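The block underneath contains the structure these notes are about, expressed in structure tokens.
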Amino acid sequence: MLISKGEVLSHKKYGEHYHSLTIVAPDIGAKARPGQFVNIKCGEDRSHILRRPFSVYRVHKRGGWASTLEIVFDIRGPGTSFLSQLRGHSIVDLMGPLGRGFSLPRRRAHCLLVGGGIGAAPLFFLADELRNEGHRVDVILGARSMRHLLNPIEVRRLASVYRITTEDASMGDRGRVTDVLEETIERCRAEIIYSCGPHPMLAAVSAMCAERGLPVQVAVEELMACGYGVCMTCVVPLRDRADRNAKKDAEEAIHYARSCTEGPVFNGGDVIWDDNMGEFAVDQLELSPAGVPTRHGPLPEQPHEHAPPGN
Amino acid sequence: MAVDLSMKLGALELANPVLVASGTFGSGREASRMIDLSTLGGVIVKSMTLTPWKGKPTPRMCETPSGMLNAIGIQNKGVDHFIKEDLPWLKQQKATVIASIAGNTVEEFVKVADKLRTGGRGIAAVEINISCPNLEDRSNMFSHSTASTAAVVEGVKEALKNVPVFPKLSPNVTSIVDIAGAALEAGADGLSLINTIFGMAIDIETRRPKLAGTVGGLSGPTIRPVAVRAVHEVHRTWPHVPIIGQGGVGSGRDAVELMLAGASAVAIGTANFVTPRAADEAIAGISEYLARHGVPALSELVGAVKLEG
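From first to last, the protein sequence lines are chains G and W. Going by this note's numbering, the first sequence opens with residue 1, and the numbers climb by one from there. Going by this note's numbering, the second sequence opens with residue 1, and the numbers climb by one from there.
What follows is the structure, encoded as structure tokens:
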């Protein structure tokens, strides 16, 4: 974890909705792993003091864009509004890389990446790394409408099989990612699922994977004040496995894990999705709920050993 | 330029007046990758309770103009974990350690204090958190009444005779001077002023509170004037009582302001979330101020606000 000043190399847009900043930050970019995030100070205006967390969308370790990292965002408030005004040569204050990223399979595997809206951002970096290591990558990308799909052209390039869903059928199939999840799992013979997006979507994906005994890693997005483990605000309720054996009362068997340091990537089956945060996440992301399941079984042990998350 | 920044708060001796506030720094492990804990005046660790507390559901935080609201519910691993894991590690880092203790009943506070008496060797002081706005029963916050403030302080002081204790008071009271008086009479060695202020925010689209706990504690630069006022009032009444000023302190300038109001030391809170190095920057800022104004000793700043003339 470092704090450093980065210089904006470029500001561009993906579609009409999403902004992208490519930032020269050699120390942070070189260390970042898929699923990790950076926490960015949004100006010196003290009316909004907290940093904003952004998962790393891409890092460029070689070539003409070496030592840069890229984030994507939509404008939600004063912080992202500030960032959307930045242009080349602007200086930003970044903290990162933060959190535990995705674990990659040790043996060659069929990996299915399921992303919703802007939440799909870390899956692009993950797809790059998985492909570099020789894994098969398939992708389901969903959003409310075409303009909320994050870079579908790039998805087409990265994936062996790709599926697009939009709720208004403006692109791909009408519906949600979960409507096509099962058939895509079958078709691609997926062995592990990686997912990022709004909580109700992650809940549904986790439940479907649990039914099939498929390992699923999810990256959550939580409101956070610090991003490095001290404020205890970004917690996610996990089943406390030690507690669960000792106590019958399910209410007691909760462990609130910090998504900034113990996450943001969790095993989907460990998360208790029916806490009130699901509904909240929908409010935050302006997405309609995708049917939050009340309970689902525990995730079976993962078939592969995974590489330790980088830091 | 070497300026002597050491301060004495009664029996509590600090190398410099800049501490980090409870609940904004954990036990220092995470921040220690960014800041040398031995350079701080001290670390007021996250409040510890008799048994581990899981804390409240989410959302626990929302940003507000120049500040934030939180309702965390003192999620912590308990006093035994602190004694076994955190304290030895903090001593290794050569940090000055102030243990913050909390509880739901007077008995719980006293039991935590008892455990620290036997297992807490090396603690420089204890802060008594009787002002957390996120306990189960808000209407019974200890620092809302002189009687319950006195009861907790008396019990803790009885258990920790040789350790300076600083009750942390709430600004959500009619007269903080009265509460401070009760705490001092019960044996407090000094005071921590202030904890967060009760606040609430509503998402107007969904008409739901922005915090799962509905009401939370407001912190950040937005509450600094409230802290300055509280410190000033208490210092005017008891000029010799050492005060740890906190509430919206994020820089050397902020620290000097609290000291002029009457604080002998300050604690950086919410600013740690933005940068774990905020305390280092504040220490440098204080030195710069002393040099610029030709102040020979830091203690001359304490309560030096000019009210007349």
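Quick reminder that beta carbons are idealized off the backbone N, C-alpha and C, glycines included. Remember, predicted model here, so these are calculated numbers, not experimental data.
Asked                                                                                                                                                                 : Found
CB V266(W) to CB G285(W), shorter than 8 Å?                                                                                                                           : no
Keeping to the same chain, check which residues put their C-beta closer than 8 Å to that of Y228(G); ignore five residues upstream and five downstream.               : M1, N39, M95, L98, C260 and T261
Excluding sequence positions up to five away, which residues of its chain have a Cβ less than 8 Å from the Cβ of R87(G)?                                              : V8 and H11
Going straight from the alpha carbon of I179(W) to that of R236(W), what length do you get?                                                                           : 15 Å
Does F166(W) come within less than 8 Å of chain G when only Cβ atoms are used?                                                                                        : no
Check this for me: beta carbons of A151(W) and C132(W), under 8 Å apart or not?                                                                                       : no
Where DSSP assigns a beta bridge to I204(W), which residues make up the other side?                                                                                   : DSSP lists no partner for I204(W).
Against chain W, which members of the region 256-273 of chain G pass a CB distance test of less than 8 Å?                                                             : Y256 and T261
In or out: P127(W) buried (at least 16 other Cβ within 10 Å) or exposed?                                                                                              : The residue asked about is misnamed: residue 127(W) is Glu in this sequence, not Pro. Buried, because 16 or more other Cβ atoms sit within 10 Å of the Cβ of E127(W).
If contacts are defined as beta-carbon pairs under 8 Å, then I71(G) and F82(G) qualify, I think. What distance do you get, rounded to the angstrom?                   : Incorrect: roughly 13 Å between the Cβ atoms, too far for contact.
Cα-Cα, which of R212(G), D74(G) and R58(G) is closest to T68(G)?                                                                                                      : R58(G)
Go to A143(G), then tell me how far its beta strand (DSSP E) extends in each direction, as first and last residue.                                                    : R136 to A143
How far does the beta strand (DSSP E) with N39(G) in it reach, from first residue to last?                                                                            : F37 to K41
May I ask which residues mark the beginning and end of the alpha helix (DSSP H) holding R157(G)?                                                                      : P152 to L158
Taking 7 Å as the limit between beta carbons, can you name the residues of its chain near S66(W), skipping five residues before and five after?                       : G220, P221 and T222
Go ahead and pull the three-state DSSP assignment for A210(G).                                                                                                        : helix
So is the beta-carbon of L150(G) under 7 Å away from any non-hydrogen atom of the ligand HEM?                                                                         : For the structure depicted, the ligand HEM is absent and the ligand set is empty, with no information on it obtainable.
From I98(W), R207(W), D203(W) and F142(W), pick the residue whose C-alpha is nearest to that of V106(W); which is it?                                                 : F142(W)
So, with DSSP's three-state summary, where would you put K306(W)?                                                                                                     : coil
On the criterion of 16 or more Cβ atoms from any shown chain inside 10 Å, does S32(W) qualify as buried, or is it exposed?                                            : buried
Please return the same chain residues whose Cβ sits closer than 7 Å to the Cβ of E133(G), not counting the five positions on each side in sequence.                   : L104
Given 8 Å as the limit, is there contact between the region 114-124 of chain W and the region 156-168 of chain W, that is, 3 or more CB pairs closer than that?       : yes
Please tell me whether I72(W) has its Cβ less than 8 Å away from any Cβ of chain G.                                                                                   : yes
Using only the alpha-carbon positions, how far apart do R107(G) and R157(G) sit?                                                                                      : 23 Å
Excluding sequence positions up to five away, which residues of its chain have a Cβ less than 6 Å from the Cβ of K168(W)?                                             : E127, N129, S131, S192 and N195
At a CB distance below 8 Å, what residues from the region 53-73 of chain W approach chain G? Give them in sequence order.                                             : K54, G55, P57, T58, P59, R60, M61, C62, E63, P65, S66, G67, M68, N70 and I72
Excluding the 5 residues flanking A186(W) on each side, which residues of the same chain have their C-beta closer than 6 Å to its C-beta?                             : A150, V153 and E154
Which residues in the same chain as K13(G) place their Cβ atom closer than 8 Å to its Cβ, once the five residues preceding and following it in sequence are excluded? : H19 and S20
Return the bridge partner residues of V265(G) from the DSSP annotation.                                                                                               : A219(G)
Can you tell which of E108(W), T39(W), F109(W) and P59(W) has its C-alpha closest to the C-alpha of D203(W)?                                                          : P59(W)
Which bits of chain G does R33(W) rub up against, with CB to CB less than 7 Å?                                                                                        : M1
Of all the options E63(W), G73(W) and V45(W), which has the alpha carbon lying nearest to the alpha carbon of W53(W)?                                                 : G73(W)
What is the DSSP secondary structure of C188(G), reduced to helix, strand or coil?                                                                                    : helix
Taking a Cβ distance cut-off of 9 Å, strictly less, list which residues of the region 250-280 of chain W are near chain G, in chain order.                            : G250, T270, A271, N272, F273, V274, T275, P276 and R277
Which one or two residues does DSSP pair with V315(G) in a beta bridge?                                                                                               : Given that chain G is displayed from residue 1 to residue 311, the structure contains no residue 315(G) and the question cannot be resolved.
Suppose contacts are defined by Cβ-Cβ distances below 8 Å. Is G116(G) in contact with V180(G) by that definition?                                                     : no
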